[in-house]
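Asker:
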Amino acid sequence: MPKNIKLAKCAGFCYGVRRAVETVKKLKSDNPDKNIFVLGELIHNSQVIKELEELGITSLKELPEHGNGICVVRSHGESPEVFEKIKLAGFEVFDLTCPDVKKVQQKAIELAKNGYYLVIVGKAEHPEVVAIKANALQFSNNVIVADSIQALLPYEQELKQHKKAGVVVQTTQMLSNLNSIVSYLIPVTKELVIENTICGSTSARQSEAKELAKASDLMVVAGSKKSANTTHLAEILSGITKTIHIETADELYLYKDLINNAQSISVTAGASTPPNVIDDVMTKLQKF
Ligand code: SF4
Numbered sequence: 013m014p015k016n017i018k019l020a021k022c023a024g025f026c027y028g029v030r031r032a033v034e035t036v037k038k039l040k041s042d043n044p045d046k047n048i049f050v051l052g053e054l055i056h057n058s059q060v061i062k063e064l065e066e067l068g069i070t071s072l073k074e075l076p077e078h079g080n081g082i083c084v085v086r087s088h089g090e091s092p093e094v095f096e097k098i099k100l101a102g103f104e105v106f107d108l109t110c111p112d113v114k115k116v117q118q119k120a121i122e123l124a125k126n127g128y129y130l131v132i133v134g135k136a137e138h139p140e141v142v143a144i145k146a147n148a149l150q151f152s153n154n155v156i157v158a159d160s161i162q163a164l165l166p167y168e169q170e171l172k173q174h175k176k177a178g179v180v181v182q183t184t185q186m187l188s189n190l191n192s193i194v195s196y197l198i199p200v201t202k203e204l205v206i207e208n209t210i211c212g213s214t215s216a217r218q219s220e221a222k223e224l225a226k227a228s229d230l231m232v233v234a235g236s237k238k239s240a241n242t243t244h245l246a247e248i249l250s251g252i253t254k255t256i257h258i259e260t261a262d263e264l265y266l267y268k269d270l271i272n273n274a275q276s277i278s279v280t281a282g283a284s285t286p287p288n289v290i291d292d293v294m295t296k297l298q299k300f
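Shown next as structure tokens:
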């Protein structure tokens, strides 16, 4: 019997990533004589980074002390201090922070300004979270990042004393994580404001993939293992059905037996997975 292989509608580039990749390419074609740099990798995908380098768009691991040309701030955003440093180094800043990430920064700033103890639900070391935290710290020192209840426990007394807490969420977090942190905070605080800032693209991708997983013997998640939204997606789906997370179609052969034994297979992909990677995965799967 032929296998039933489906591709999720929400697989691949979200609008923030598509906007970043298209805009940076246009920036280079509009300014062929200028150096174009991106602070960090524009997206978590080595093929896209290579393609950009071939066009003359360089990823900077660190900001140099001096430079010239245009320096792009990627969709994760940066702290106000980094924006200043880019200008001081001699670059023009081109801000490609995703509008959804900007919204989280704004909500975090409002809560901090209004005296709420700010809890950022997310991974402390993720660049998006680092920038959200730095923006809020301009207005209050009562800012913590937590990706689990465990991470909040040391602050329980402080939270109780402060009485009012506000929550914002890294755009690519899992809703279940937000729910568990909120359930912990309700009895600990007197006033709790929750801003569910998980972005629409992440929510839609996760919901659709969950429905597909319920009806599939195997889920294939394509995308970088460095990408937060892709790894979360694989994590969520592995709780529903057998799930494999691959970076490229070449890794499919590692799971030959799983694929051969599955009758219905669904494919989804993270927000930074380019269309050609998804096409390759579909083509190789159909050949199995
Ligand atoms: S995942 Fe959401 S917040 Fe992040 S770049 Fe895409 S649309 Fe923007």
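The working numbering runs 12 ahead of the 1-based position in the sequence shown. Backbone N, C-alpha and C define an ideal beta-carbon position, used for all residues, glycine too.
Pull up the distance between the alpha-carbon of V142 and that of H88, whole angstroms please.
Answerer: 9 angstroms
Asker: Which whole-angstrom value is the C-beta distance of I156 and S192, which I expect to be below 8 angstroms?
Answerer: 16 angstroms between Cβ atoms; not a contact.
Asker: With a threshold of 16 other CB atoms inside 10 Å of the CB of K119, please say whether the residue is buried or exposed.
Answerer: Counting the other CB atoms within 10 Å of its CB gives K119 a total of 16 or more, which places it among the buried residues.
Asker: Can you find a heavy atom of the ligand SF4 that lies under 7 angstroms from the Cβ of G301?
Answerer: Outside the modelled stretch of the chain, which goes from 13 to 300, sits residue 301, for which no answer is possible.
Asker: Under the criterion of a Cβ to heavy atom distance below 7 angstroms, does T214 qualify as lining the ligand SF4?
Answerer: A heavy atom of the ligand SF4 is found nearer than 7 angstroms to the CB of T214.
Asker: One question on the structure: do A148 and A124 come within less than 8 angstroms of each other, judged by their Cβ atoms?
Answerer: yes
Asker: Who pairs with T255 in a beta bridge, going by DSSP?
Answerer: In the DSSP output, where bridge partners are listed per residue, T255 has M231.
Asker: May I ask you to list the residues that DSSP assigns as paired with L72?
Answerer: L51
Asker: Using alpha carbons as the reference points, say which of A246, C211, E63, K172 lies closest to K40.
Answerer: E63
Asker: Which residue from K99, F25, Q298 puts its Cα closest to that of A261?
Answerer: Q298
Asker: Taking 7 angstroms as the cut-off, does the CB of V133 come closer than this to any heavy atom belonging to the ligand SF4?
Answerer: no
Asker: List the whole-angstrom C-beta distance separating A234 from I290, where the pair is believed to meet the contact cut-off of C-beta under 8 angstroms.
Answerer: Separation of the CB atoms of A234 and I290 is rounded to 6 angstroms, and the pair is thereby assigned contact status at 8 angstroms.
Asker: Thinking C-beta only, is D112 closer than 8 angstroms to C211?
Answerer: yes
Asker: Report buried or exposed for N154, applying the criterion of at least 16 other Cβ atoms within 10 angstroms of its Cβ.
Answerer: By the Cβ neighbour-count rule, N154 is buried, with 16 or more other Cβ atoms within 10 Å of its own.
Asker: List the whole-angstrom C-beta distance separating A314 from E77, where the pair is believed to meet the contact cut-off of C-beta under 8 angstroms.
Answerer: Past the edges of the chain, shown from 13 to 300, lies residue 314, and the structure says nothing about it.
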